[in-house]
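2 protein chains.
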Amino acid sequence: MSLIDHIHRCQSADMSKFLPWRIGDGRAGWVRRDVAERLAGYPTVFSVGADDVRLKPHLATYDHRSAAVGDVTRDLYEAGLFTGWRGEWFPVLQHFGEAPLLRLERSAVPVFGVHGYGVHMNGFVRDGGRIKLWVGKRAANRPIEPGKLDHLVAGGISLGLGVRECLVKECEEEASIPKSLAQAARPVGALRYRMEHQGWLRNDTLFVYDLEMPADFVPRNADGEIESFELMELDAVRGILARGQDFKFNVALVVIDFLIRHGHIAPDESDYSDLALGLWRD
Amino acid sequence: MSLIDHIHRCQSADMSKFLPWRIGDGRAGWVRRDVAERLAGYPTVFSVGADDVRLKPHLATYDHRSAAVGDVTRDLYEAGLFTGWRGEWFPVLQHFGEAPLLRLERSAVPVFGVHGYGVHMNGFVRDGGRIKLWVGKRAANRPIEPGKLDHLVAGGISLGLGVRECLVKECEEEASIPKSLAQAARPVGALRYRMEHQGWLRNDTLFVYDLEMPADFVPRNADGEIESFELMELDAVRGILARGQDFKFNVALVVIDFLIRHGHIAPDESDYSDLALGLWRD
Numbered sequence: 052m053s054l055i056d057h058i059h060r061c062q063s064a065d066m067s068k069f070l071p072w073r074i075g076d077g078r079a080g081w082v083r084r085d086v087a088e089r090l091a092g093y094p095t096v097f098s099v100g101a102d103d104v105r106l107k108p109h110l111a112t113y114d115h116r117s118a119a120v121g122d123v124t125r126d127l128y129e130a131g132l133f134t135g136w137r138g139e140w141f142p143v144l145q146h147f148g149e150a151p152l153l154r155l156e157r158s159a160v161p162v163f164g165v166h167g168y169g170v171h172m173n174g175f176v177r178d179g180g181r182i183k184l185w186v187g188k189r190a191a192n193r194p195i196e197p198g199k200l201d202h203l204v205a206g207g208i209s210l211g212l213g214v215r216e217c218l219v220k221e222c223e224e225e226a227s228i229p230k231s232l233a234q235a236a237r238p239v240g241a242l243r244y245r246m247e248h249q250g251w252l253r254n255d256t257l258f259v260y261d262l263e264m265p266a267d268f269v270p271r272n273a274d275g276e277i278e279s280f281e282l283m284e285l286d287a288v289r290g291i292l293a294r295g296q297d298f299k300f301n302v303a304l305v306v307i308d309f310l311i312r313h314g315h316i317a318p319d320e321s322d323y324s325d326l327a328l329g330l331w332r333d
Numbered sequence: 052m053s054l055i056d057h058i059h060r061c062q063s064a065d066m067s068k069f070l071p072w073r074i075g076d077g078r079a080g081w082v083r084r085d086v087a088e089r090l091a092g093y094p095t096v097f098s099v100g101a102d103d104v105r106l107k108p109h110l111a112t113y114d115h116r117s118a119a120v121g122d123v124t125r126d127l128y129e130a131g132l133f134t135g136w137r138g139e140w141f142p143v144l145q146h147f148g149e150a151p152l153l154r155l156e157r158s159a160v161p162v163f164g165v166h167g168y169g170v171h172m173n174g175f176v177r178d179g180g181r182i183k184l185w186v187g188k189r190a191a192n193r194p195i196e197p198g199k200l201d202h203l204v205a206g207g208i209s210l211g212l213g214v215r216e217c218l219v220k221e222c223e224e225e226a227s228i229p230k231s232l233a234q235a236a237r238p239v240g241a242l243r244y245r246m247e248h249q250g251w252l253r254n255d256t257l258f259v260y261d262l263e264m265p266a267d268f269v270p271r272n273a274d275g276e277i278e279s280f281e282l283m284e285l286d287a288v289r290g291i292l293a294r295g296q297d298f299k300f301n302v303a304l305v306v307i308d309f310l311i312r313h314g315h316i317a318p319d320e321s322d323y324s325d326l327a328l329g330l331w332r333d
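Chain order of the listed sequences is G and Z. Position in the first sequence (from 1) plus 51 gives the number in our numbering. Position in the second sequence (from 1) plus 51 gives the number in our numbering.
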């Protein structure tokens, strides 16, 4: 498996399968055509046309929209359309940083193809001139990608959390990194992908951070989401990426970005500009 | 002027003004419609249709293609279609790293909308926790963007040069950076833009490097292309970007990427993901 295959895997969504979900003049998400037919069964909430699904304009406030879509979401979940209810709110945003249009149960975010936002942090250690990367192994009971390799810290940004606030919280929960150390994490960019995963649309932007860790810090998972951590040489990380899909799909992207930014992949290698440019395709 | 405006400025090409220039099954560049009409006057070299311009298939080798297109290029230059003949060869590439289809006079690269490749190096100095960036001022006699602010080192990759080889050469010529120091430059990514500039199509990929410089190193220009250098605080650099177009158009992009990668722009700022993602749009 070549590095570029990881990027193609995450840029694979066939958007012809989805109809835009509009609220007013803006787009709130993307809905699979068969799901649109289900939504037509809730005519007080959605109007479903040939080209799009629209939220009824009488649902004009955050509270009204959240309540009406929330009822439909619960109904579809109980009817078995999707699984893995999280009991956690995500915002539905037109543009990041603006007030949310409504709130949505986290597990329904890919069902409505809503643009999700997450933080991913590369925790690394310098050993002389060399860099080693902390890699976690996801617990076997995770709803998404159990047992796959993960970052030291990563998570979705739920309703009401700022980006750095989310990062500091995840640092504590996922790796027992104290706030004083987490605050030193440096934002280094963002990346974006739209992929079909388990039949749904993952439509995500990840905010990426690097944190140089003290050599003697040993991460310890506090929320049961990560089974173990290992400090890996970058050559070993690259070897795993070349071998197959051991890394969680989106973690592979962030790791490739890390390898590029830290000069571990060089411009004279084949696919370099496709790798460097492909990570940010919209 | 907002930071995002610099990106929009470089992603501004209206491609409906251009016809693809094809060689065999591949695309060698993009030609303005009025230039396509001029090329129709060379029927042994080009066939010009409603949808594209094709190189005649009998021009089947690198040498034949280079000679035939070279004659046309010289003719168009002497007829006054474009100015600034450089006497320097650039490769016409289907994919970076592959054998070139032909070679082309550098000043004709935007005339044929050929994909150009360059290196841009951020030379920076650490001062405690702060970073300062070396900024050059382009000489008043440069054919492109005279007097604008520039990187410590930047240049187009001419025929036969590898990326790092080009960087080391430019380090010596533009800033008198010895090879031993230049070798420490770290590749950190690539960015891409297509813009109309002086009526032509700049269709470029830049390979970006960072080089941490010793605090006592003073750059000295050796080829007359840079008038002076200044070591600037990142806040000052950002202030100049906010003020207007003092930086050369593509240098602004690379500097914004530098500010993002070094955490000087944070995800909670408006436009962050548009900035971070827009730099790599194809």
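Backbone N, C-alpha and C define an ideal beta-carbon position, used for all residues, glycine too. This one's a predicted model, so the numbers in the text were calculated from it and none came from an experiment.
Exercise. At a cut of 8 Å, does the segment 173–181 of chain G reach the segment 242–258 of chain G through at least three beta carbon pairs?
Worked result: no
Problem set entry | Proximal chain Z residues relative to Thr112(G), where beta-carbon distance stays under 7 Å | Chain Z residues near Thr112(G): none, gap ~24 Å exceeds 7 Å.
For this session: Have a look at Glu88(G), Cys61(G), His59(G), His57(G) and flag the residue whose alpha-carbon is nearest the alpha-carbon of Trp398(G).
Result: There is simply no residue 398(G) to check, as chain G begins at 52 and stops at 333 in what is shown.
Exercise. Run through DSSP, which three-state label would Thr134(Z) get?
Worked result: coil
Exercise. Whose Cβ in chain G lies nearer than 8 Å to the Cβ of Asp319(Z)?
Worked result: Per Cβ cutoff of 8 Å: Gly148, Gly213, Val214, Arg215.
Exercise. What residue range is occupied by the uninterrupted beta strand (DSSP E) comprising Arg73(Z)?
Worked result: 69–74
For this session: Would you kindly report the start and end of the unbroken alpha helix (DSSP H) that includes Tyr93(Z)?
Result: Counting along the chain, Tyr93(Z) falls outside any alpha helix (DSSP H), and DSSP gives it neither H nor E.
Exercise. Can Ile311(G) be considered in contact with the ligand PLP, in the sense that its beta carbon sits closer than 7 Å to one or more heavy atoms?
Worked result: This structure lacks the ligand PLP, and indeed carries no ligand of any kind.
Exercise. So, is the C-beta of Arg245(Z) closer than 8 Å to a C-beta in chain G?
Worked result: no
For this session: Go through its chain and collect everything with a Cβ distance to Ile307(G)'s Cβ below 8 Å, but skip five positions before and after it.
Result: Leu54, His57, Ile58, Leu292, Ile316, Leu326, Leu330
Problem set entry | Cβ neighbour criterion (16 or more within 10 Å) applied to Met66(G) | exposed
Exercise. Do we get a CB-CB distance below 8 Å when we pair Tyr93(Z) with the residues of chain G?
Worked result: no
Problem set entry | Residues of its chain near Pro161(Z), where Cβ-Cβ distance is below 6 Å and the 5 sequence neighbours each way are ignored | Trp251, Leu252, Arg253
Exercise. Residues in its own chain within less than 6 Å of Glu139(Z) by CB, not counting five upstream and five downstream?
Worked result: Arg157, Ser209
Exercise. Excluding sequence positions up to five away, which residues of its chain have a Cβ less than 6 Å from the Cβ of Asp261(Z)?
Worked result: In chain order, Asn173, Arg237, Val239 place their CB closer than 6 Å to the CB of Asp261(Z), counting only its own chain and leaving out the 5 sequence neighbours on each side.
Exercise. Hey, quick one: how far does the beta strand (DSSP E) through Gly240(Z) stretch, first residue to last?
Worked result: From DSSP, the beta strand (DSSP E) with Gly240(Z) extends over 237–248.
Exercise. Given a threshold of 16 other Cβ atoms within 10 Å of its Cβ, counted over all protein chains shown, does Pro108(G) qualify as buried or as exposed?
Worked result: Around the beta carbon of Pro108(G), fewer than 16 other beta carbons lie within 10 angstroms, which makes this residue exposed.
Exercise. What number of angstroms, rounded off, separates the C-alpha of Pro197(Z) from the C-alpha of Cys217(Z)?
Worked result: 22 Å
Exercise. With distances taken from CA atoms, which of Gly148(G), Gln145(G), Gly92(G) is nearest Asp122(G)?
Worked result: Gly92(G)
Problem set entry | Phe258(Z): contacting residues in chain G (beta-carbon distance under 7 Å) | Neighbours of Phe258(Z) on chain G, chain order: Pro318.
For this session: Rank Arg312(G), Ala226(G), Arg137(G) by C-alpha distance to the C-alpha of Glu281(G) and give the top, closest one.
Result: Ala226(G)
Exercise. Shorter than 8 Å from the beta carbon of Gly179(G) to some beta carbon of chain Z?
Worked result: No Cβ of chain Z is located within less than 8 Å of the beta carbon of Gly179(G).
Exercise. Chain G beta carbons: is any one of them nearer than 8 Å to that of Ser324(Z)?
Worked result: For Ser324(Z), at least one C-beta of chain G is nearer than 8 Å to its own C-beta.
Exercise. So Gly180(Z) is in the beta strand (DSSP E); what residue range does that whole segment cover?
Worked result: Segment: none, Gly180(Z) is in no beta strand (DSSP E) and carries neither H nor E.
Exercise. Nearest-angstrom Cα distance between Leu304(Z) and Tyr113(Z)?
Worked result: 34 Å
For this session: Could you pull out every residue in the same chain whose Cβ sits closer than 6 Å to the Cβ of Phe258(G), ignoring the five residues on either side in sequence?
Result: Val170, Val214, Ala241
Exercise. Distance, Cα to Cα, Pro94(G) vs Phe133(G)?
Worked result: 21 Å
For this session: Spell out a yes or no on whether the segment 269–284 of chain G and the segment 182–192 of chain G are touching, meaning 3 or more CB-CB pairs, one atom from each, closer than 8 Å.
Result: yes
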